[in-house]
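Novice: The sequence shown maps to residues 0 to 468 in numbering that gives the first Met the number 0.
Input: one structure, supplied below.
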Amino acid sequence: MIRFFRSLFPSRWVVLVLLFLLIRLPLLIFGLPTTLSELHHLLLGERLHQGFTLYQDVYDTTAPLSAAVYWFLDMVAPRSVLAHRLLATFLIGYQAFLLNSIFNRNQVHPFKSYVPALLFLLFGSIFFELDVLSPLLLGHTFVLLAVFSLTAISKEASNAGRLFKAGFMLGLAALCYLPLVWFLVLGFFAIIYFASGAFRSTLLMLTGLVFPFTVLLTYFLYQNSLGPFLELGLTWSWQFSFDFGLPLSQVLTVAALPLGFLVLSFLSLPLVTLGLNYQARFLQFMLIWAIVVVLVLISGHDGSVKGLVLLLPLLAYFGIFLFSWWGNRLWIAELLFLVVVAGVMAMRFNPLGLVYPALQIEPERVQVKDHPKYRQIQGERLLVLGPDLNYYQQNSLGSPYLRWDLAKPYFGRLNYYEALFTIMQDLRKDPPTYIVDQQNLMPELQYKLPTVFQRYEKVENGPFYRRVR
């Protein structure tokens, strides 16, 4: 199969697309339960579609451009998990072919091929969490568009437009997932390696980066929500608090195959001869890319399997060298590739339900739960006083408190006037129909804020309170 995709005939990319869809679509359409992060994205998009302002009327830390995508999808296809997954599938495919065109255009490998796209698409389908339309996936698309512009600059030509565009794309990437701003470091090195007039070029790129932030700051200023945006949209991302979804040990288990493949690819570098000076410079560029990926992973707040998206360009670039140094013994490369394919398929499809238990992977930790208690209330506007999003499966968000970790500074400090005043302001005008009290806070809330919470009466079964007046 490696030999087949080493050709650039048009039939190769058609076969590649069909193989990618064959791997992705079965689980997307028939066999993949909704994940908790997808439910979170659906609730956020629905709340914004109802006319509420991000950060001001919805307490969430999702970057503004990602939130805008969720709003748009809810406007086009309300509460559609399939729409989110199809867009995520399209973005993975688009990124793969964009990166492949960057490599082939710049002749960074000993030969042109579709093998980088093949590796990108294969490892991009290794686990169901990579099917989620995450802010990281959205931002990574703009990172690759920035790299496309950065690698098109030259020391002889005028690069003003390309450099501004590269900075602009990096700005959009950061507005999807703020830690991606670290790729600005990669932009600096691209200017050093590929452009002339380093100081002027750097200023052009920085101007492009700042421009979308300026537009967004102006928007939130006119919405009278600049303070919440600075607090939740910018400052919060640098708290270095990680949400792993799965436990770290299970995340590393899923990542073992791509990480092992990447290590073997690094070890094969001394065995490969790079013919052109440009290829050697591009190798240094990709090594810096690897360092930037580590910085993004460390400073990012998403420690789940979705972070493997950042490794896909490295796997696509360095994986070529692992398959290139065998010379005429291509059968070894083909055998190695079949082992990789088998590992990816086993991890994705969990055949006969045997793989995940053997590896002690618990996918139900990140998936919504189908339990009768979550179906007791349907089609209502809820406030859940607790971290369990599952109650929202058949209901909509009825308050600004989408995330419990952002609500706790208020509901966990009921002895402070400021917290009580904020809760009253948030719920007085548009109170939810039901409150799910997981933390047993309602007796205290009814005593301290009677104008808001005395309107609720406890339902017999479960931790539910219904608004009666």
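Built from N, CA and C at the ideal position, the CB exists for glycine as well.
Treat the numbers as computed from the prediction; the structure is a model and nothing was measured.
Could you tell me the alpha carbon to alpha carbon distance between S124 and V304, rounded to whole angstroms?
Specialist: Cα to Cα, the separation comes out at about 11 Å.
Novice: When you compare only the Cα positions, how much space is there between R466 and Y58?
Specialist: Computed Cα separation, rounded: 23 Å.
Novice: Closest to M423 by CA distance: which of P399, Q438, V451 is it?
Specialist: Comparing Cα-Cα distances from M423 to each of P399, Q438, V451, the minimum goes to V451.
Novice: May I ask you to report which of helix, strand or coil DSSP gives L456?
Specialist: One detail in the question is off: residue 456 reads as Glu in this sequence, not Leu. In the structure shown, E456 sits in a strand (DSSP, three-state: E or B).
Novice: For E128 and L27, what's the separation of their Cα atoms in angstroms?
Specialist: So the two alpha carbons sit approximately 11 Å from each other.
Novice: Grab me the residues of V295's own chain with a C-beta within less than 8 Å of its C-beta, minus the 5 sequence neighbours each way, in chain order.
Specialist: Result list for V295: P178, L179, W181, F182, L309, in chain order.
Novice: Which runs of the beta strand (DSSP E) at least 3 residues long sit entirely within the region 315 to 368? Give them in chain order.
Specialist: Qualifying beta strand (DSSP E) stretches: none in this window.
Novice: Is it the case that the region 201 to 211 contacts the region 41 to 48, given that we only count it when at least three CB pairs across the two stretches are under 8 Å?
Specialist: No, because fewer than three Cβ pairs between the region 41 to 48 and the region 201 to 211 fall closer than 8 Å, the two stretches do not touch.
Novice: Taking the DSSP output, what are the residues bridged to L381?
Specialist: DSSP lists L396, Y433 as partners of L381.
Novice: In the structure shown, what three-state DSSP assignment does D242 receive?
Specialist: D242 falls in the strand class under three-state DSSP.
Novice: Measuring CB to CB, does A87 end up less than 7 Å from D56?
Specialist: Not a contact, by the Cβ cut-off of 7 Å.
Novice: Once you ignore the five residues that flank L271 on each side, which residues in its own chain have a CB closer than 8 Å to its CB?
Specialist: The sequence shown places Val at residue 271, rather than the Leu named in the question. The answer, listed in chain order, is P109, F320, S323, W324.
Novice: Taking the CB atoms as reference points, tell me whether P469 and A315 lie closer together than 7 Å.
Specialist: Past the edges of the chain, shown from 0 to 468, lies residue 469, and the structure says nothing about it.
Novice: Looking only at its own chain, which residues have a Cβ that is under 6 Å from the Cβ of R468, when we skip the five neighbours before and after it?
Specialist: R454.
Novice: Secondary structure at D73, three-state DSSP: helix, strand or coil?
Specialist: D73: helix per DSSP, three-state reduction.
Novice: Whole angstroms are fine: how far does the CA of F167 sit from the CA of K447?
Specialist: Distance between the alpha carbons of K447 and F167: 49 Å.
Novice: Can you give me the C-alpha to C-alpha distance between S79 and L144, rounded to a whole angstrom?
Specialist: Cα-Cα distance, rounded: 28 Å.
Novice: Between the C-alpha atoms of F198 and L72, what's the straight-line distance to the nearest angstrom?
Specialist: Answer to the nearest angstrom: the Cα atoms are 41 Å apart.
Novice: Would you kindly work out how many angstroms separate the C-alpha atoms of I22 and V339, rounded to a whole number?
Specialist: Using only the alpha carbons, I get a separation of about 14 Å.
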